[in-house]
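> No gaps in the numbering here: position 138 of the sequence shown is 144 in my numbering, and each next residue is one more. A virtual CB, placed ideally from N, CA and C, is assigned to each residue, including glycine. One structure is given below, represented as structure tokens, and several questions about it will come after.
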Amino acid sequence: YAYYKKFPDRKKKQFKDILFINGCGLPHPARYRVDHQVEQLRAAGMSADVVYYDSLTMDRLKYYRGFVFFRCPVTDTVREFIVAAKESNKTCFFDIDDLVIDKKYTDKIKYVQNMSVSDKSLYDDGVNRMRETLELCEYAITTTERLQEELQRYIAGAVHINRNVASDE
7 YAYYKKFPDR KKKQFKDILF INGCGLPHPA RYRVDHQVEQ LRAAGMSADV VYYDSLTMDR
67 LKYYRGFVFF RCPVTDTVRE FIVAAKESNK TCFFDIDDLV IDKKYTDKIK YVQNMSVSDK
127 SLYDDGVNRM RETLELCEYA ITTTERLQEE LQRYIAGAVH INRNVASDE
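The following block contains the structure:
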């Protein structure tokens, strides 16, 4: 235990089903869209792990069969990871429960309209980067039929609905 605590990279890796890449710093969206879905997968006999997007490394590609990017803005690593996953015949999903993927939606939000120019520029950059991750993925997962319709405009593959649910607890 002490050895692997000090050198976690030397621990023998296990192959698993799904890796969730969380791109949202807020705890409550990730709770419903990541933690609860991990619980659902485990209840169905699948294995799943979670990593925050800025801790994603290319070596994780070889240990999972599929990947779910939750509200994840594109970075060089995310882009490279998704391209490599596709080349390895691994499936990438983009999961989102809100339309923060295009300025045509976010520009209508009063809070966003009242942002300072510099804050809005930073916010818009995040929105555009999330849309890019969505467009790189083959499939999407969302919470409602209305969101499903909108997301279908950005992605060629199917958009699946997995509603927010309570945890077992």
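Can you name the residues that DSSP bridges to V123?
As a first step, residue 123 is located in the sequence shown; it is residue number 117 there, counting from the start. For V123, DSSP assigns no beta-bridge partner whatsoever.
> Figure out for me which residue from L157, D125, Y70, A50 has the closest Cα to the Cα of K19.
Translated into positions along the sequence shown, residue 19 becomes position 13. Comparing Cα-Cα distances from K19 to each of L157, D125, Y70, A50, the minimum goes to Y70.
> Run the CB neighbour count on M136, radius 10 Å, all protein chains shown included, and call it buried at 16 or more, exposed below.
As a first step, residue 136 is located in the sequence shown; it is residue number 130 there, counting from the start. Its Cβ being crowded by 16 or more others within 10 Å, M136 is buried.
> Measuring alpha carbon to alpha carbon, tell me which of K11, L142, Q119 ends up nearest T81.
Residue mapping note: residue 81 aligns to position 75 of the sequence shown, counting from 1. The residue with the shortest Cα to Cα distance from T81 is L142.
> Look up L67 in the DSSP assignment and say whether it is helix, strand or coil.
What you label residue 67 is simply residue 61 of the sequence shown in a count that begins at 1. Helix.
> Return yes when the Cβ of I24 is within less than 7 Å of the Cβ of F75, no when it is not.
Here residue 75 refers to the residue found at position 69 of the sequence shown. Here residue 24 refers to the residue found at position 18 of the sequence shown. No. Outside cutoff.
> In the DSSP assignment, what residue or residues form a beta bridge with F21?
Within the sequence shown, numbered from 1, the residue matching residue 21 stands at position 15. Note: F21 sits in no beta bridge, so no partner.
> Hey, how far is the Cα of N120 from the Cα of K126?
The residue given as residue 120 occupies position 114 in the sequence shown. The residue given as residue 126 occupies position 120 in the sequence shown. Straight-line Cα distance between these residues: approximately 9 Å.
> Which term fits G31, buried or exposed, when burial requires 16 or more other beta carbons within 10 angstroms of its beta carbon?
Mapped onto the sequence shown, residue 31 falls at position 25. G31 should be labelled exposed.
> Is R77 buried or exposed, if buried means 16 or more other CB atoms sit within 10 Å of its CB?
Here residue 77 is taken as the residue at index 71 of the sequence shown, counted from 1. With 16 or more Cβ atoms within 10 Å of its Cβ, R77 is classed as buried.
> Is Y58 helix, strand or coil when you go by DSSP?
By 1-based counting over the sequence shown, the position of residue 58 is 52. In the structure shown, Y58 sits in a strand (DSSP, three-state: E or B).
> Does the Cβ-Cβ distance between T139 and R169 come in under 7 Å?
Position 133 of the sequence shown, counting from 1, holds the residue named residue 139. Position 163 of the sequence shown, counting from 1, holds the residue named residue 169. Contact check for T139 against R169 fails: the beta carbons are separated by 7 Å or more.
> Output yes or no for whether 7 Å exceeds the beta carbon distance between L62 and T83.
As a first step, residue 62 is located in the sequence shown; it is residue number 56 there, counting from the start. As a first step, residue 83 is located in the sequence shown; it is residue number 77 there, counting from the start. With respect to the 7 Å criterion, L62 and T83 are classified as neighbours on the basis of their beta carbons.
> Restricting to Cα atoms, I'd like to know which of K12, V133, V165, F13 is closest to K110.
Your numbering for residue 110 matches position 104 in the sequence shown. The shortest C-alpha separation from K110 is found at V133.
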